[in-house]
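Chains as they are written, first to last, in the numbering used here: chain A, 7 to 172; chain B, 7 to 172.
First the structure, in the form of structure tokens, and then the observations on it.
Take a look at the structure:
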């Protein structure tokens, strides 16, 4: 068992959770940097080229990615509060909390989830797992229907393209 | 600065937060045990004598206190998911998440908050702070009107009585 595999979040619930798992040919350290350095995060997290990102990498800190659309408007693309930070191995964040662990106001219809991003060394590459935890089966199903697998898979493709170009 | 004072949660917001702060004459280590050992927690967390408590003391683990009322019915008294566990100094938990950091379904009217319980050595006693973070000023006001200060103060009295008797 690696350090990343020892915590409570590994109790999987196929009814309420969604998983994207893939072996990729870049090392965990590069995946970590792509997830945690603002200059890299902004380039792959959304397809838009005009994004900015901010990262406060500690439990209770948040990351946020904001896209500037062609009209010059800023459109938030995502924000999360870090829960666990295990360098090069595991990043856990949630949309249920904001900065300083403050509970998040949820607008009607918002989908809240907690994401466990794991990077296990696998040969010269990485076994990458995005494990996404929802409140209930209905939310998990809704997230799946919104295109979770395609969307998170495409984002991972973008992350890999960035790392290979770096 | 002590270790307990160095994280992001110390950015206070008087509009959205409530605070109970008191210097008490029992050492931090005894306060910690009262908060984290199920056999102690169940005795002070609620006034009811027939409570049980469970504690999974790690980030992502939960604690819960269940009261058994005179009719034999089990009535949940509180549950929280741990966010930070700093032995004898600081315990952070939230009602916005459940076990394994899973977002919590909220019933209409539920009040969600995150609590930062700090124990700083103060002479032979403790400077005890319960710092409670809400989504917005309306929730903080509602919690205050529900009797936050009297309720959390009475619970602390019960905790101290337990420690002194121990």
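A virtual CB, placed ideally from N, CA and C, is assigned to each residue, including glycine.
Just so we're clear, the structure is a prediction, and the values are computed from it rather than from any experiment.
Please decide whether residue i counts as near chain B, where near means a Cβ-Cβ distance under 8 angstroms.
i, result
"residue 21(A)", "no"
"residue 102(A)", "yes"
"residue 92(A)", "no"
"residue 162(A)", "no"
"residue 48(A)", "no"
"residue 107(A)", "yes"
"residue 89(A)", "yes"
"residue 158(A)", "no"
Does any CB atom of chain A fall closer than 8 angstroms to the CB of residue i?
i, result
"residue 75(B)", "no"
"residue 168(B)", "no"
"residue 98(B)", "yes"
"residue 63(B)", "no"
"residue 26(B)", "no"
"residue 11(B)", "Low confidence applies to residue 11(B): its pLDDT is 38, below 50, so where it sits in the model is not reliable enough to give any reading."
My understanding is that residue i touches residue j, with C-beta atoms under 8 angstroms, so please give their C-beta distance in whole angstroms.
i, j, result
"residue 132(B)", "residue 126(B)", "7 angstroms"
"residue 36(B)", "residue 169(B)", "5 angstroms"
"residue 1(A)", "residue 96(A)", "Here chain A covers residues 7 to 172 and nothing more, so residue 1(A) does not appear."
"residue 68(B)", "residue 104(B)", "6 angstroms"
"residue 89(B)", "residue 65(B)", "6 angstroms"
"residue 134(B)", "residue 30(B)", "5 angstroms"
"residue 44(B)", "residue 94(B)", "Not quite, the Cβ-Cβ distance comes to about 18 angstroms (not below 8 angstroms), so this is no contact."
"residue 26(A)", "residue 155(A)", "6 angstroms"
"residue 40(A)", "residue 165(A)", "5 angstroms"
"residue 6(A)", "residue 83(A)", "Shown here, chain A extends from 7 to 172; a query on residue 6(A) therefore has no answer."
"residue 107(B)", "residue 91(A)", "With a Cβ gap of about 13 angstroms, residue 107(B) and residue 91(A) do not count as contacting."
"residue 144(B)", "residue 102(A)", "The pair is not a contact, with the Cβ atoms about 19 angstroms apart (cut-off 8 angstroms)."
Do the CB positions of residue i and residue j come within less than 8 angstroms of each other?
i, j, result
"residue 32(B)", "residue 47(B)", "no"
"residue 161(A)", "residue 56(A)", "no"
"residue 148(A)", "residue 117(A)", "yes"
"residue 74(B)", "residue 80(B)", "yes"
"residue 24(A)", "residue 113(A)", "no"
"residue 111(B)", "residue 163(A)", "no"
Is any heavy atom of the ligand NAD found at a distance shorter than 7 angstroms from the C-beta of residue i?
i, result
"residue 113(B)", "Of the ligands one can find in the structure shown there are none, so the ligand NAD has no counterpart to examine."
query: When you check each C-beta in the segment 117 to 147 of chain A against every C-beta of chain B, which residues fall closer than 9 angstroms?
result: 118, 119, 120, 122, 139, 140, 141, 142 and 145
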